[in-house]
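Report on the structure given below.
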Amino acid sequence: MDETIEKTPENLEDVKKENEAAHLNSEGLSKREKKDVMKMILKKKAAYETFAKLEGLERAEKAFSKLPRKTLIIVNLGYGAVGGSSSEEIERIFSGFKGFEKVVMAHGKPYTFVEFRGGEESIIARDELHEKPCSTLNNKILFLEFVNHLDFAYFSDRASPNVNGTLNEAPGLYYFGNFLNEMEQSTLLDLVSAKDENMLDQILKIRDLQVEDSLDEFPIQPKNDENTYLGEESWLTIQNRKIVCKHQVL
Numbered sequence: 001m002d003e004t005i006e007k008t009p010e011n012l013e014d015v016k017k018e019n020e021a022a023h024l025n026s027e028g029l030s031k032r033e034k035k036d037v038m039k040m041i042l043k044k045k046a047a048y049e050t051f052a053k054l055e056g057l058e059r060a061e062k063a064f065s066k067l068p069r070k071t072l073i074i075v076n077l078g079y080g081a082v083g084g085s086s087s088e089e090i091e092r093i094f095s096g097f098k099g100f101e102k103v104v105m106a107h108g109k110p111y112t113f114v115e116f117r118g119g120e121e122s123i124i125a126r127d128e129l130h131e132k133p134c135s136t137l138n139n140k141i142l143f144l145e146f147v148n149h150l151d152f153a154y155f156s157d158r159a160s161p162n163v164n165g166t167l168n169e170a171p172g173l174y175y176f177g178n179f180l181n182e183m184e185q186s187t188l189l190d191l192v193s194a195k196d197e198n199m200l201d202q203i204l205k206i207r208d209l210q211v212e213d214s215l216d217e218f219p220i221q222p223k224n225d226e227n228t229y230l231g232e233e234s235w236l237t238i239q240n241r242k243i244v245c246k247h248q249v250l
């Protein structure tokens, strides 16, 4: 009786590798060409595994679509030092394709998303660029896949590395440039400077605190000191904080 082998993802991956190796042998490639192709396959495998790990996926293929979608992911090309590229460089690569709309950088991640008007436009770009050297990037071989952009949060973030725009668009995060000018800062510092001893109780300062643990009562007693003046450079600084907890174990 023949044993039936269950087709797990691991088995399917092994079959895929065998098919790739058989493909190399059937193409009549030279030894050097086969070596280059195998090197590309290893780079692709590493890039896909990195993508899966960063996205919390068991396998990268779970995020990819077999059908053409308007959104492509460049699996092995990210922003700046991570992937060695920029949004401008990537835009130059795709600007010649009909239907190209924008580049969406996954900042801090070694991959990038590219949006088209529809799948009929994106498939042309993938067919021309996938697993082929890109002259704009010193003949770097790119790996492109179709994805559903609704599966990724990056598309609610930004389409270019614009710091101010990103901070303003991030949920719950607001960016204010020049929050206080020099005159306002000076006025604020004058108001909180402890030149008057009567203002000491109104200033946020903790110095040499003694905390006594007594059931639910925690009296805080500031230690008197001649050095009670908070200058402009230290009015928000908490110095020499010392907490002594006295706790009786029953």
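In full-length UniProt numbering, the protein residues as written are 1 to 250. For every residue, glycine included, the Cβ atom is placed at its ideal position computed from N, Cα and C. Since the structure is predicted, the reported quantities are computational estimates derived from the model, not experimental observations.
Tell me the DSSP bridge mates of residue i?
i: H130; result: L142
i: T50; result: The partner list for T50 (beta bridge, DSSP) is empty, contrary to what the question assumes.
i: Y79; result: S85
i: K35; result: The partner list for K35 (beta bridge, DSSP) is empty, contrary to what the question assumes.
i: T112; result: I74, M105
Can you tell me which of the options puts its alpha carbon nearest to the alpha carbon of residue i?
i: S95; options: M183, E49, L57, R117; result: R117
i: C134; options: G99, I74, N148, S186; result: I74
i: Y79; options: F152, K70, G108; result: G108
i: N148; options: K39, K43, P68, M105; result: P68
i: A106; options: G119, S30, L72, I123; result: L72
i: K132; options: S30, G28, D36; result: D36
i: L137; options: E120, L42, S85; result: S85
i: F113; options: I90, E120, V104; result: V104
Consult DSSP for residue i and reduce its assignment to one of helix, strand or coil.
i: S95; result: coil
i: L67; result: coil
i: E55; result: coil
i: L72; result: strand
How would you label residue i, buried or exposed, when you count the other beta carbons within 10 angstroms and need 16 or more for buried?
i: P110; result: buried
i: R32; result: exposed
i: R92; result: exposed
i: L188; result: exposed
i: K98; result: exposed
i: S122; result: buried
i: E184; result: exposed
i: A46; result: exposed
Can you find a C-beta in chain B that's less than 9 Å from the C-beta of residue i?
i: L129; result: In the displayed structure, chain B is absent; only one protein chain is listed.
In the DSSP assignment, find the unbroken beta strand (DSSP E) run with residue i in it and report its ends.
i: K102; result: 100-105
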